[in-house]
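Working notes for the structure below.
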Amino acid sequence: MGLLSILRKLKSTPDQEVRILLLGLDNGGKTTLLKQLASEDITHITPTQGFNIKSVQSQGFKLNVWDIGGQRKIRPYWRNYFENTDVLIYVIDSADRKRFEETGQELAELLDEEKLSGVPVLVFANKQDLLTAAPASEIAEGLNLHTIRDRVWQIQSCSALTGEGVQHINAQFLLPGKKEQYRRNGALSSILRSLQLVPPLAKMFSG
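What the sequence shown shows, in the working numbering, is residues 1195 to 1401, in sequence order.
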């Protein structure tokens, strides 16, 4: 059965719920990105001190997004939210090059977490509206994303401020069957490419 047929079948059933964990360093633009996904006003954004939860409808799915603060003192508590995560979204400030090493270390630790084993990862290379922003390809290389073989991953250029690129949550990340299905079904990447559902700036691999 083709991917489009699968999606049509899913859309004809009650909403499929997907639990998304939204992480990244402080000041990366996580909350702004979430508000863009939810089509909410982004005029007044304050740093997330604890966590925000929003339910967003997308492509026939109900996305329950957990936005967790990224301050250093809060990061040790991230693991309290790992349970039953279907998709990990990791937001990077593409213009803050001096923190690339720090954000890379945090992402590497997340990928080593047992409770996040096999969970698909969507990396948003945010703040592309700034002239100093590094391109997604450079960030992917710097973070060695190409070495990831145990899960599906994608990197997407975006600007949470303007909304550009924010809506590119690929259909593959929303399919039910959870992380075990993602690990087994590597053929979906080829299907997506053949249907041209992968945005040009995105890269996707599966183990």
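Even for Gly, the Cβ is constructed at its ideal location relative to N, Cα and C.
Own chain, CB closer than 8 Å to residue i, minus 5 neighbours either side, in chain order
{"i": "F1399", "result": "For F1399, the predicted structure reports a pLDDT of 36, less than 50, and the residue's modelled location is therefore unreliable. A value from the coordinates is still provided. The answer, listed in chain order, is H1340, I1342, R1343, V1346, W1347, S1383."}
{"i": "R1266", "result": "D1220"}
{"i": "I1247", "result": "N1258, V1259, W1260, D1261"}
{"i": "I1236", "result": "T1226, K1229, Q1230, A1354, L1355"}
Nearest-angstrom Cα separation, counted from residue j out to residue i
{"i": "V1315", "j": "T1279", "result": "11 Å"}
{"i": "Q1243", "j": "G1222", "result": "14 Å"}
{"i": "A1232", "j": "E1307", "result": "28 Å"}
{"i": "R1213", "j": "V1259", "result": "6 Å"}
{"i": "P1241", "j": "D1220", "result": "8 Å"}
{"i": "L1227", "j": "D1287", "result": "12 Å"}
{"i": "E1332", "j": "I1268", "result": "28 Å"}
{"i": "E1296", "j": "G1264", "result": "12 Å"}
{"i": "G1218", "j": "F1255", "result": "24 Å"}
{"i": "G1298", "j": "R1291", "result": "11 Å"}
Close beta carbons around residue i, own chain, < 7 Å, minus the five adjacent residues each side
{"i": "L1310", "result": "F1276, T1279, L1282, L1304"}
{"i": "L1325", "result": "none"}
{"i": "V1360", "result": "L1227, Q1230, L1231, C1352, A1354"}
{"i": "I1349", "result": "V1317, A1319, A1330, I1333, A1334, L1339, A1396, K1397"}
{"i": "F1294", "result": "G1336"}
{"i": "W1188", "result": "Nothing can be reported for residue 1188: it is not among the residues displayed for the chain, which extend from 1195 to 1401."}
Paired residues, beta bridge with residue i - DSSP
{"i": "E1211", "result": "K1256"}
{"i": "G1218", "result": "V1285"}
{"i": "L1316", "result": "I1283, Q1348"}
{"i": "T1262", "result": "The amino acid at residue 1262 is misidentified as Thr; the sequence shows Ile. I1262 is bridged to F1245."}
{"i": "Q1251", "result": "K1256"}
Backbone secondary structure at residue i - three-state DSSP
{"i": "K1267", "result": "coil"}
{"i": "K1321", "result": "coil"}
{"i": "L1339", "result": "helix"}
{"i": "L1201", "result": "Confidence at L1201 is low in this model, with a pLDDT of 37, below 50, so its placement is unreliable and the value that follows should be read with caution. L1201 falls in the helix class under three-state DSSP."}
Contacting residues, own chain, Cβ-Cβ under 6 Å from residue i (five flanking each side not counted)
{"i": "A1289", "result": "K1321, L1324, T1326, A1327"}
{"i": "L1257", "result": "V1212, I1214, V1250"}
{"i": "L1301", "result": "Y1284"}
Residue i beta carbon near the ligand COA (any heavy atom closer than 7 Å)
{"i": "D1280", "result": "Among the components of this structure there are no ligands whatsoever, and the ligand COA is therefore not found."}
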